[in-house]
Amino acid sequence: MLNSLTSMLVALCVTMAMRGSFVAGSPCSRMTRCAVNKCLPKDVLQKGEELGLALGDMFAHLVESFDLVCVATKCTDDCKLCEQCEYALQQMAALINGEETGGLCPKLETCSANCIKEDLDRVLQCIGKKCNIHCYDGDCPSCVGVARRMFMQVCRENNMPSMPSIQFNGNCTQLFKEMSHSYVSARVQVA
């Protein structure tokens, strides 16, 4: 249940990503490294391989494996220094308190607000099931920008294109586009 918050963090946390610079060594780069290193299970790709997950499913597996509570607690200093992460925390607080949000990602924010209204006890599951797609469907370019950064770090560190279950003939940028497109397509068909 808490893992679904990660997509909300990535989605909301990053609604300001277009404003910030993601230069290596910047607070947001440090937050990204911290999130990947401390808040993503080390064996997440291995488990995906063992399950034989296809592109879209492997992407969903990665997205759902990030732990927002971990990012907020183990990467606190970097999060506070990263405008995008700090903004995300403010957006989540506003949503939970029924206040207006920045409106930079209208579908994502509306969907998240609806999940909060529906059932606060199951909000994380609702957001994971209904709202995560809006980080990748064009509603929130800043969200997908930060998600891409996290994915790129994982992809490069693990040489994902050459993994047996992926076998992708291209680089990590192209793989992100392919996997996120498959992820959105699968969820649109289900809806």
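Letter by letter, the sequence shown follows residues -25 to -1, 1 to 166 in mature numbering (1 follows the signal peptide of the UniProt record, and there is no 0). Each residue gets a CB set at the ideal place from its N, CA and C atoms; glycine is no exception.
Asked	Found
Given that a residue counts as buried once 16 or more other Cβ atoms are within 10 Å of its Cβ, and exposed if not, what is V(-3)?	At V(-3), the pLDDT of 49 sits below 50, so the modelled position is not reliable; the number obtained from the coordinates is stated separately. Answer is exposed; the Cβ neighbour count stays below 16.
Tell me where the alpha helix (DSSP H) around T51 begins and ends.	T51 to L56
What did DSSP end up calling S(-5) once you bin it into helix, strand or coil?	With a pLDDT of 39 at S(-5), under the threshold of 50, the modelled position of that residue is not reliable, and the figure given next carries that caveat. If DSSP states are grouped into helix, strand and coil, S(-5) belongs with coil.
Going by other Cβ atoms of all chains shown within 10 Å of its Cβ, with 16 needed for buried, is C101 buried or exposed?	buried
Give the single residue among G113, G145 and S157 whose Cα lies nearest to the Cα of L79.	G113
Buried or exposed for S160, going by 16 or more other Cβ atoms inside 10 Å?	exposed
Check whether the region 109 to 127 and the region 71 to 86 touch, using three or more Cβ-Cβ pairs below 8 Å as the test.	yes
Do we get a CB-CB distance below 7 Å when we pair M125 with the residues of chain B?	In the displayed structure, chain B is absent; only one protein chain is listed.
Just reading off the alpha helix (DSSP H) that I92 is part of, what are its end residues?	Checking the sequence shown, residue 92 turns out to be Lys, not Ile. Looking at the DSSP string, the run of the alpha helix (DSSP H) that includes K92 is P81 to E93.
Apart from the five residues on each side of it in sequence, which residues of its chain come closer than 7 Å, Cβ to Cβ, to Y158?	G31, F34, A35 and Y111
State the Cα-Cα distance for the pair N134 and G73, rounded to the nearest angstrom.	42 Å
In three-state DSSP terms, what is T76?	coil
Where does L15 land, buried or exposed, given buried means 16+ other C-beta within 10 angstroms?	buried
Quick check for students: name the residue ranges of the alpha helix (DSSP H) that lie wholly in the region 97 to 145, counting only runs of 4 or more.	98 to 101 and 116 to 133
Classify A29 as helix, strand or coil using the three-state DSSP reduction.	coil
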